[in-house]
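Enquirer: Each residue of the sequence shown is one higher than the last, beginning at 735 in the working numbering.
The C-beta atom is built at its ideal place from N, Cα and C for all residues, glycine as well.
These numbers were taken from a predicted model, which means no experiment stands behind them.
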Amino acid sequence: MARVRTGVRAVSAVLAAVLGATLAGCSATGGKRAEERAAAKAAQGRAAVDTPRWTFAMVTHSGDGDTFWDIVQSGAKQAAAKDNIKFLYAHDVEGNKQAQSVQAMIDQKVDGLIVTLAKPDAMKDVVAKAKKAGIPVITVNSGSDKSKEFGALTHIGQDEVIAGEAVGEQLNERGKKKAVCVLHEQGNVGHEQRCDGVKKSFKGEVQNLYVEGTNMPGVQSSIEAKLQSDKDIDAVVTLGAPFAPTAVKAAEQAGSKAEVDTFDLNAKVAEALQSGKLGFAVDQDPYLQGYEAVDLLWLYRYNRDMLGGGRPVLTGPQIVTKDDAKTLAEYAKRGTR
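#1: Can you tell me which of the three DSSP states T873 falls into?
#2: Give me, in chain order, the residues of the same chain whose beta-carbon lies closer than 8 Å to that of S808; leave out the 5 immediate sequence neighbours on both sides.
#3: Measuring CA to CA, which of T794, F997, G868 is closest to H825?
#4: Would F997 pass as a contact of A897 if the rule is Cβ separation under 8 Å?
#5: Would you mind reading off the limits of the alpha helix (DSSP H) that contains M792?
#6: Just reading off the beta strand (DSSP E) that N942 is part of, what are its end residues?
#7: Does T1070 come out as helix, strand or coil in the three-state DSSP assignment?
#8: Would you mind working out which of L1062, I1053, Y1065 sits nearest E903, comparing C-alpha positions?
#9: How about L973 and I957: do their beta carbons lie closer than 8 Å?
#10: Determine the closest residue to G1013 out of K863, E907, P870, D845, with distance taken between C-alpha atoms.
#11: Return the first residue and the last residue of the beta strand (DSSP E) that G891 is part of.
#12: Is the beta carbon of V901 closer than 8 Å to that of V1016?
#13: Would you kindly report the start and end of the unbroken alpha helix (DSSP H) that includes I896?
#14: With 16 as the cutoff for other CB atoms within 10 Å, does N949 come out buried or exposed?
#15: Does the distance from the C-beta atom of V1047 to that of T888 stay below 8 Å?
#16: What are the start and end residues of the alpha helix (DSSP H) that includes I840?
#17: Does DSSP put E993 in a helix, in a strand, or in coil?
#18: Under a three-way DSSP split, which group does G1017 fall into?
#19: Kindly indicate the opening and closing residues of the beta strand (DSSP E) around V783.
#20: Among V982, T785, D1029, which residue has its Cα nearest to the Cα of A1006?
#21: In three-state terms, what does DSSP make of Y1065?
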């Protein structure tokens, strides 16, 4: 009997070894191949999942030609391709018109909504209508403090006050004494919060300068006049990447040595950081905001998943300097940073 038990143990050991090797092979190759197939499909614009063809809409407060929102859309479209989602996009800088676009998406009975709350008073009622209609809503970029109150599942973006504080701390490190914060969209609560954050942490003086963001020559003239009238200003902070090169030109025309710094990153900002024309940028990763918003809506529809437990999912801020810009430049050129 002892010999039989020994033989059984020997055979069992051999079978276990063979089974283990087989499972290891499946784990090492099967999983990897599945991931590669999914990645290849997504890269070709084909879905990597077999869930229903849902329709998600994004409605933002963007104006025309804003490169920041091009990057947001780039991330959203990539996630939509992967997740078998039909992606719709609309925008308007006017809060009431943005709300009308959201209502139009509700009327189309979309399966999910992504909205910004730069003008929260204009958006409150229509977000409530979406929720009443059973449409899940995620907010991005602006309105983290209103997102939960309005009934959104979560918010994806950066805390604007914290981002502003990061700018103030960076200005302190650079020995700046007097800064001007350029607000290009009046009524945008996120912009006010950014400048408030700068004032909160900056040891020097901060003055707000309101400009009309849709009129770039006017933006340059306003900054130029401000710098000419106050030679003590040694830092100009713009709140969007497209306005940074304009501020650089304004400083040059005014004969000012003020350093220009900016919120947000794009290809031109990355180049200007490398050349030294800009001091630093605050990156909130707009690609990630678009990508995660779509992906999280898909996860919610598919599996009732939601990151953050209802709290904001932060994508920034990240301070980008000349040392970082070279690495990020290639991603900025392809429109993903």
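Expert: Reading off the structure:
#1: strand
#2: Y1021, G1024, G1069, T1070
#3: T794
#4: yes
#5: Segment 788-794 is the beta strand (DSSP E) holding M792; no alpha helix (DSSP H) there.
#6: 939-944
#7: coil
#8: I1053
#9: no
#10: E907
#11: 889-891
#12: yes
#13: 894-907
#14: exposed
#15: yes
#16: 829-841
#17: strand
#18: Contrary to the premise, residue 1017 reads as Asp rather than Gly in this sequence. D1017: strand per DSSP, three-state reduction.
#19: Per DSSP, V783 belongs to no beta strand (DSSP E) and is neither H nor E.
#20: V982
#21: helix
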